[in-house]
Structures are given as C-alpha cells and as structure tokens.
DNA sequence: TTGAAAGCGCTAACAT
DNA sequence: ATGTTAGCGCTTTCAA
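Protein chains in written order, with the working numbering: chain A, 1 to 331; chain B, 1001 to 1331.
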C-alpha cells in the first residue's frame, strides 16, 4: 500500500522535531506562524495523514462511538426509524470528528459479553443504546466502570443514565383532548401496539389522562401487533362489537391504516383515526390522518450531543433531553 | 475508568514474559499447555482485555471494515435493503472478528476526501460500497494504492474490482418468458424505475431478451419514480391508452402494487403483474403477485467474504460473485 | 517557541 | 518453549 508517510518523515523533511509536527497537526497554540506554515507545506506535499491507531494509543481515545441495535430495531417495521436514527447520529458524529460503529449482535446471549469486551478493548469512546435497552445488568456495569453511554428511549432509572426521548404521554394526551374538545368525540378507542413496549404504555397514559380530565369513563382498548392484517382483523371485530366508537387513537400509522380500512369495511364514515410516527407507510398510502413526527433525527442528534459532552467532561447537571414531537394535524 | 490492566501486568503476575502472554492471547502454537493454562488463569482473574489500539498499531490492522452508503441507500424506499444488507454484513463480520463502521457522508462533495483521509489514517482494513458506486475516481484511487474494497452491485469495470450482484437480466428474462410461454401473454408492459439506475437497465434487458426470443416485436415501456402515487397515475394513463396490455413486468414491488391498483381502477381483470425485491410493502399489502427475493443478506455476506479474502491475501482468481435470486412465483 | 526523550501497550524477530 | 528487546507512530513532559 502506498503512503506510508509518518510523522518522523515530515519532521525530517521540514527540519523540525517530531514534537513540532505533532503540535502542528494538533493545532497547538504554542507554535510560531512560520514554523506552522513550513510544516503544513511538507504535510501537504507528502500527503501525510496521522496514523489514527497511534493517536488513539497515546491519546487513549478512539473517537469511535458504538451504536447498539437489537433485533427489534432491525425488523422491517422499524426500518424507517432505524435508518433515520442512524443517519441522524452519524451526521452529528461526523461533524464532531467521531466515527460510528454499528453494533448488532444477533445472539442476545453473547451480546453482553461482546459489548463488555468491546469496551474493555478500548475500541470505543462511548455507546448509544437504541430504544429503552433492557439489559439493565450491562447498563449498571458500564455505569460502574464509568464508561460513557446514552440511551434513546426512557430508561427505568431516569436520574442515573443519560437519555433522550419524546414525551409520549403528552402527545397522546394532546391528540385525545382535541378529539374530545374540537371534534366532540366521546367514544374514543385506543389501539396500541404490544403493551410490553414502554412506548405503548406512555401513549396509553396520555389517552387515559385526557379521558379522565374530560370525565369520560368509558375506555375502549385494543392491543395489537404491528401487522396490518392482524391489526385489521382485531380492530374490525372490535368495532363490530362496539358500534358507538367514534374516534380511534393509535400508537402507529400501521394501526391507523388498519383502523381506517376496518372502518371502511364496516361503512363507518365518521370515525376519526389518528396515527403515530409519521411512517413511510403513511406517506405511500392515500389516507390522510393526523400523525406525529417524533423527530427521529433530533433524538439521535441529542443523544450524541449529551454523550460527547459526557465523554469530554463537559456535561452539566441535566443528563436527559425531551425532544418535542410535532403533531401533524389533518383537517 | 476501571480495568487498566495491561499485558505487562499479566506477565508480572504470571511470572512470565510479555511475549509469552502475547502468545497466549494470540493462541500461538509454540507454547506449552501448562504455561498457557497458567497465564489464562491470570488473564481471567485480572479480567484482562488486550488494548485493541496497541494491537492495531503493531499488527498494522484495525479489524474494521467501513460500509459506504450514499443518500440513495438511506432514503425510505431503500430502507429494507439498507437495514438488511447492513445486518447481513455485520453478522458475517462479527463471525470473522471484524467490526462494521457506518460511513455516510451527507455532503457528496467532501465525501471523497473524507474517505481518502479515513483510509490514510489507517482506521480501516477495507471498504464495502453499496450499490454500484459512482465515484469512479475514488475507486481508481483505492485500486491504485491497493486498498482492499468490494462493491455490492455491478461496477463499470467488472474485471478489475471485487463485486457481488444478482443476475438481474436473467431474472427478468425468466419471468417474462414464463408470462409468454405459460400464461400465453403477448402484450407485456415493462414498468421500470428510473433508467439512469443500472439495475433498471439490466432488468429491462431481460424483458427485451425474452420478447426477442419469442418474436414479439411490440414493447410497452413505462419509466417511473418509486413513488406509489406517481407510479399509479403514470401507469393508469398508459394503460388507458394501451388497452391490449395483458401483463406487466415491474422492477419493484411498489411499481407492481401501483400497477395492480391501476388495473383495478380500469377494471382490467386479467392482467398479470409481477414485482421485484420482495419488499416489506408487498408483505404488508394484501396483493398476491410474483416477486423476487434478491437475497440481500447473501449479497452482503459474499461481499464481505471476498473482501476479507483479499485483505488476508487469500483471494483466488475469481474476484466477483453472482448471487442467485429466488423468484417467488404466485399462482 | 522548540527539541529530546520517555512512554502508550502491544508484537515479533532474535536469542537461548 | 520462553525471554529479551527493538520497534509500531504518535503525544507529552521536561528542559532549554
């Protein structure tokens, strides 16, 4: 391979010491303008690029951030989220001169060990966990050895870790409230994804809060998988048995689309359906309905920002961030 | 941070030289069983993990492979491809003890320089380019400095570079031929994505080949964006003006779905439509049609395999691989 | 402002 | 089979 130019080569050619060259590439202030210029010229001429491995070794920092994905993040349903967040993260890291290491270990049994050894090997300066990461043991371990990481999602222990999320309860609350106040709906159905997902629960809470506030006691609740056919069947059946329902608040566009289709098939014309996540599915469908832009890129960016502040010891008291979601009202 | 154990610490505690410890972690053969066991015990006790930066420096290899994505790969349409290929690549690399660096530079003007400096910094052992990468200058540069890389897609210069792709022409040929032979179709329309995409052209060629072979002279060709609404409008209009069309071969499921919808709206019942790429969109739709599993994971895996062979100087004469696509026949 | 030199943690050639 | 030692390419302390 070409280009085996080292710092020593530059030093020799420029008639200075290696320390001086090092100072030039580090943009040190204790160096004269002329020397700097002279050395820079040689660097350019020789096409010198510092060996990052040597730098990492002496600086004890790799400038690499690992993004930990679990299989849920990779399934087709999350694709949109997945690629957007990765690109949000990467965009920010590039600007800050960091690199993005993609970490996905198929085998969840070995994942913990894999990450531990990765951290132990000093290959990484920090980690970002996607979604509320469920391996509490690993998080505790990292916290214990004081290895910097941030979480996208709300962790169980919100005070200890660095994390970034939307206020999902608030968003669903706002949507539900509007259905009641402005659209005069009274029989509102909540269609959520699996209840073992935290995010489903947060969104459910917002729905409940709005009902409570407006003294509506009747709750209609459907739990479904994020599969359009399954959702359609469940919702349709439910609607057949609960004819009074006049609005449907869902936790994802795929559920909203299933709901709309179910309503159509039952000839229920005046049911208002709302979605969530502003997905590609919605964009490619012909249906118009209220949905929520959860600002995926922002989530990724902020998670990086806090993490890097932590790494560089600039983190202030506040170790979390709430990203304001944007409700895209329809009608 | 805890765990600052070094190889020297292990050596001291085990009463051996650093070389011996190094041999143990490298699993060298010239070491006795007992010493190995003894040293391993100390390693486990002290929880020693080798410093990868020091290793990289001495071995002159980072064990990191960079995956270069361009914006096309990241847009929502390609999500499925994108996340699948990334996971296919990562799965394979993990097994081979390599790491996956995600490289996406939003700014295409600086991308070339970014990658050059990345390569110059010795941070990477190799690169994988997604889709036929169009920066020929960069590829030439890398080839010139003998930096290992592989391409997913068919490059202009198929003999020089390492690459992996499906035989798209063959697949469309097979599909079109079957429509003619078995389904007795004679007026077959080709609906392709943008013609500036190589893949569109390859697939088009297969369509043409089948027609030629069967002495069908009439070609019907539609070029469309991968947007379901746009495609629908274009296709519907075209079908209205070409009423004889009795089959539609497309280059993507989104075009197939648009075609099916267009046929429905025109009450054309007997038109057979085929898709491509076996996308999430198809899986979540209720339409049944022939599509093609292009074996995305296989593509990623093979690209890694060839690349690593190259890196480790084990590459034989054949520098490319054709991954057999799987046509998922419907009916 | 600059240079000399020690050292980061490891590998590998050479010696035993 | 094991140890000694000279690097790998850089940063940084200390001295000038």
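Cβ coordinates follow ideal geometry from the N, Cα and C atoms, glycine included. Fair warning: this is a prediction, and the values are worked out from it, not measured in the lab.
1) Grab the span of the beta strand (DSSP E) containing residue 144(A) for me, first residue to last.
2) Any Cβ of chain B within less than 7 Å of the Cβ of residue 57(A)?
3) Per DSSP, which one or two residues make a beta bridge with residue 1192(B)?
4) I need the boundaries of the beta strand (DSSP E) containing residue 1328(B), first residue and last residue.
5) What did DSSP end up calling residue 1201(B) once you bin it into helix, strand or coil?
6) So for residue 1026(B), helix, strand or coil by DSSP?
7) Against chain A, which members of the stretch 1097-1112 of chain B pass a CB distance test of less than 7 Å?
8) For residue 176(A) and residue 257(A), what's the separation of their Cα atoms in angstroms?
9) Can you find a CB in chain B that lies within less than 7 Å of the CB of residue 26(A)?
10) So, with DSSP's three-state summary, where would you put residue 130(A)?
11) How should residue 1146(B) be labelled, buried or exposed, when 16 other C-beta atoms within 10 angstroms of its C-beta is the threshold for buried?
12) Could you pull the start and end residues of the alpha helix (DSSP H) that residue 1171(B) belongs to?
13) Which bits of chain B does residue 190(A) rub up against, with CB to CB less than 7 Å?
14) So what's residue 1005(B) in DSSP terms, helix, strand or just coil?
15) Using the three-state DSSP reduction, which class does residue 149(A) fall into: helix, strand or coil?
16) Who pairs with residue 1257(B) in a beta bridge, going by DSSP?
17) Which one of 1318(B), 1305(B), 1142(B), 1134(B) has the shortest CA to CA distance from residue 1093(B)?
18) Going by alpha carbons, who is nearest to residue 245(A) out of 187(A), 169(A), 80(A), 69(A)?
19) Any Cβ of chain A within less than 7 Å of the Cβ of residue 1049(B)?
20) Go to residue 1066(B), then tell me how far its beta strand (DSSP E) extends in each direction, as first and last residue.
21) At the 7 Å Cβ level, is residue 122(A) part of the contact set with chain B, yes or no?
22) Under 7 Å Cβ-Cβ, which residues of chain B neighbour residue 86(A)?
23) Excluding the 5 residues preceding and the 5 following residue 209(A) in the sequence, name in chain order all residues of the same chain whose CB lies nearer than 6 Å to its CB.
24) Quickly, what does DSSP pair residue 1229(B) with across the bridge? List them, please.
25) I want to verify the contact list: residues of chain B whose CB lies under 7 Å from the CB of residue 91(A), in sequence order.
26) Kindly list the residues whose CB is nearer than 8 Å to the CB of residue 11(A), restricted to its own chain and excluding five residues on each side of it in sequence; keep chain order.
27) Using C-beta distances below 6 Å, list every residue in its chain close to residue 1142(B), excluding the 5 sequence neighbours before and after it, in chain order.
28) Anyone know if the C-beta pair for residue 129(A) and residue 151(A) falls short of 7 Å?
29) On the premise that residue 1102(B) lies in contact with residue 56(A), defined as a C-beta separation below 8 Å, what is that separation, rounded to the nearest angstrom?
30) For residue 960(B), decide whether its Cβ has a neighbour in chain A, counting only Cβ atoms nearer than 7 Å.
31) Alpha carbon to alpha carbon, what distance is there between residue 1267(B) and residue 162(A)?
32) How many angstroms separate the CA atom of residue 215(A) from the CA atom of residue 170(A)?
33) What does residue 228(A) reach in chain B if we use C-beta pairs closer than 7 Å?
34) To the nearest angstrom, how far is it from the Cα of residue 1165(B) to the Cα of residue 255(A)?
35) Are there 16 or more other CB atoms within 10 angstroms of the CB of residue 1125(B), so buried, or fewer, so exposed?
36) Closest by CA to residue 70(A), which one among 242(A), 109(A), 203(A)?
Judging by the given coordinates:
1) Within the first chain, the letter at position 144 stands for residue 144(A). Looking at the DSSP string, residue 144(A) is not in any beta strand (DSSP E); the run it does join, the alpha helix (DSSP H), is 136-144.
2) The residue given as residue 57(A) occupies position 57 in the first chain. It does: the Cβ of residue 57(A) has a partner Cβ on chain B nearer than 7 Å.
3) The sequence position of residue 1192(B) within the second chain is 192, counting from 1. Under DSSP, the beta-bridge partners assigned to residue 1192(B) are 1223(B).
4) Position 328 of the second chain, counted from the first residue, corresponds to residue 1328(B). Residue 1328(B) -> beta strand (DSSP E) spans 1326-1328.
5) Taking the second chain and counting its residues from 1, one reaches residue 1201(B) at position 201. In this structure, residue 1201(B) counts as helix in the three-state DSSP scheme.
6) Against the second chain, residue 1026(B) aligns to sequence position 26. Of the three classes helix, strand and coil, the one that applies to residue 1026(B) here is coil, per DSSP.
7) Listed by position, the residues of the stretch 1097-1112 of chain B near chain A (Cβ gap below 7 Å) are 1099, 1100, 1101, 1102, 1104, 1105, 1106.
8) To locate residue 176(A), count along the first chain from 1; it is residue 176. To locate residue 257(A), count along the first chain from 1; it is residue 257. Spanning the two alpha carbons is a distance of roughly 18 Å.
9) Stepping through the first chain from its first residue, residue 26(A) is reached at position 26. Taking Cβ atoms only, chain B never reaches closer than 7 Å to residue 26(A), which makes this a no.
10) For the purposes of this step, residue 130(A) is taken as the residue at position 130 of the first chain. Here residue 130(A) sits in coil by DSSP.
11) Here residue 1146(B) refers to the residue found at position 146 of the second chain. Taking a 10 Å sphere around the C-beta of residue 1146(B), we find fewer than 16 other C-beta atoms and assign the residue as exposed.
12) Working through the second chain from its first residue, we reach residue 1171(B) at position 171. From DSSP, the alpha helix (DSSP H) with residue 1171(B) extends over 1168-1181.
13) Along the first chain, one-based indexing puts residue 190(A) at 190. None at all; the shortest Cβ gap to chain B is about 22 Å.
14) By 1-based counting over the second chain, the position of residue 1005(B) is 5. Of the three classes helix, strand and coil, the one that applies to residue 1005(B) here is coil, per DSSP.
15) Residue 149(A) sits at position 149 when you count from the first residue of the first chain. Strand, per DSSP.
16) Here residue 1257(B) refers to the residue found at position 257 of the second chain. Answer by DSSP bridge pairing: none, since residue 1257(B) is not bridged.
17) Locating residue 1093(B) in the second chain gives position 93, counting from the first residue. Nearest option by C-alpha distance: 1305(B).
18) Counting from 1 along the first chain, the entry for residue 245(A) is found at position 245. Checking every option, the nearest Cα to that of residue 245(A) belongs to 187(A).
19) To locate residue 1049(B), count along the second chain from 1; it is residue 49. Yes - at least one Cβ of chain A is within 7 Å of the one on residue 1049(B).
20) As a first step, residue 1066(B) must be located in the second chain, where it is residue number 66. 1064-1069 is the span of the beta strand (DSSP E), which, as asked, contains residue 1066(B).
21) The residue you call residue 122(A) lines up with position 122 of the first chain. So yes, residue 122(A) belongs to the interface.
22) Here residue 86(A) refers to the residue found at position 86 when the first chain is read from its first residue. Here the neighbours are 1102.
23) Residue numbering aside, residue 209(A) sits at position 209 when the first chain is read from its first letter. Correct list, in chain order: 173.
24) Translated into positions along the second chain, residue 1229(B) becomes position 229. According to DSSP, residue 1229(B) bridges with nothing at all.
25) Locating residue 91(A) in the first chain gives position 91, where the first residue counts as 1. Residues of chain B passing the Cβ test: 1106.
26) Here residue 11(A) corresponds to residue number 11 of the first chain, with the count starting at 1. Only 17, 18, 20, 21 meet the Cβ criterion.
27) Position 142 of the second chain, counted from the first residue, corresponds to residue 1142(B). Same-chain partners within the cutoff: 1149.
28) Along the first chain, one-based indexing puts residue 129(A) at 129. Along the first chain, one-based indexing puts residue 151(A) at 151. A contact, by the Cβ cut-off of 7 Å.
29) Position 56 of the first chain, counted from the start, is the residue given in the question as residue 56(A). Position 102 of the second chain, counted from the start, is the residue given in the question as residue 1102(B). Under the criterion of beta carbons closer than 8 Å, residue 56(A) and residue 1102(B) do not qualify as touching, at roughly 18 Å.
30) Residue 960(B) lies beyond the range of chain B shown here (1001 to 1331); nothing can be said about it.
31) The count along the first chain starts at 1 and reaches residue 162(A) at position 162. The count along the second chain starts at 1 and reaches residue 1267(B) at position 267. Rounded to whole angstroms, residue 162(A) to residue 1267(B) spans 57 Å at the Cα level.
32) By one-based count along the first chain, residue 215(A) stands at place 215. By one-based count along the first chain, residue 170(A) stands at place 170. For residue 215(A) and residue 170(A), the distance between alpha carbons rounds to 18 Å.
33) The residue labelled residue 228(A) in the question sits at position 228 within the first chain. Per Cβ cutoff of 7 Å: 1284.
34) Indexing the second chain from 1 puts residue 1165(B) at position 165. Indexing the first chain from 1 puts residue 255(A) at position 255. Those two C-alpha atoms are separated by around 36 Å.
35) As a working note, residue 1125(B) is residue 125 in the second chain. It is buried - the Cβ of residue 1125(B) has at least 16 other Cβ atoms within 10 Å.
36) Here residue 70(A) refers to the residue found at position 70 when the first chain is read from its first residue. Among 242(A), 109(A), 203(A), the Cα nearest to that of residue 70(A) is on 109(A).
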